[in-house]
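Okay, structure first, notes after.
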Amino acid sequence: MRGPPSSLDSLLESPSPELRDLLTFVGENLDDDDIPHRIKLSEPIIRSFRRECARLVDGMQQSEGCISLTSDIWSRQTLEGYMGVTAQYSVKNGNCM
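For the sequence shown, the working numbering begins at 75 and goes up steadily by one.
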């Protein structure tokens, strides 16, 4: 269950009319259509994430030996949970990842 939306979530979801007015007022030659929607911002981030995941999987498949994994889990005061995972491995060309 997600906690209350952050101010950034709200901003990216649908900029308020006041924010749009402010951005078009302070931005020279900025039209309402120039303000990106959240999908316009999230699509390149998701593409980059998928590209990096594929690169990591390829690197792990080419590892010379064991892959060491560590993880950590935590939550916010709103009980929104998080998990971080770290992998260490050495690829055949000698570089550590």
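For glycine and all other residues, C-beta sits at the position ideal for the given N, C-alpha and C.
Note that the structure is a prediction, hence the values are computed from the model and not measured.
Where Leu143 falls: helix, strand or coil (DSSP)
Stepping through the sequence shown from its first residue, residue 143 is reached at position 69. Note: Leu143 maps to strand in three-state DSSP.
Can you round the beta-carbon distance between Ile141 and Met157 to whole angstroms, since I take them to be within the 8 Å contact cut?
Your numbering for residue 141 matches position 67 in the sequence shown. Your numbering for residue 157 matches position 83 in the sequence shown. Contact between Ile141 and Met157 is absent: CB atoms are separated by about 17 Å, not below the 8 Å threshold.
Gln162 in three-state terms, based on DSSP
Here residue 162 corresponds to residue number 88 of the sequence shown, with the count starting at 1. The answer is strand: DSSP assigns Gln162 an E or B state.
Using a Cβ distance threshold of 8 Å, determine whether the segment 132-139 contacts the segment 159-166, with at least three qualifying pairs required.
As far as the Cβ criterion goes, the segment 132-139 touches the segment 159-166, which means the pair count is three or higher.
If we ignore side chains and look at the alpha-carbon of each, how far apart do Gly117 and Arg124 end up?
Here residue 117 is taken as the residue at index 43 of the sequence shown, counted from 1. Here residue 124 is taken as the residue at index 50 of the sequence shown, counted from 1. Just to set this straight, residue 117 is Glu in the shown sequence, not Gly. So the alpha carbons of these two residues sit roughly 11 Å apart.
Same chain, Cβ closer than 6 Å to Val159, neighbours up to 5 away in sequence not counted:
Counted from its first residue, the sequence shown places residue 159 at position 85. Ser145.
Between Val131 and the rest of its own chain, which residues show a CB-CB distance below 8 Å, the 5 nearest in sequence each way excluded?
Position 57 of the sequence shown, counted from the start, is the residue given in the question as residue 131. Taken in chain order, the list of residues that qualify is empty.
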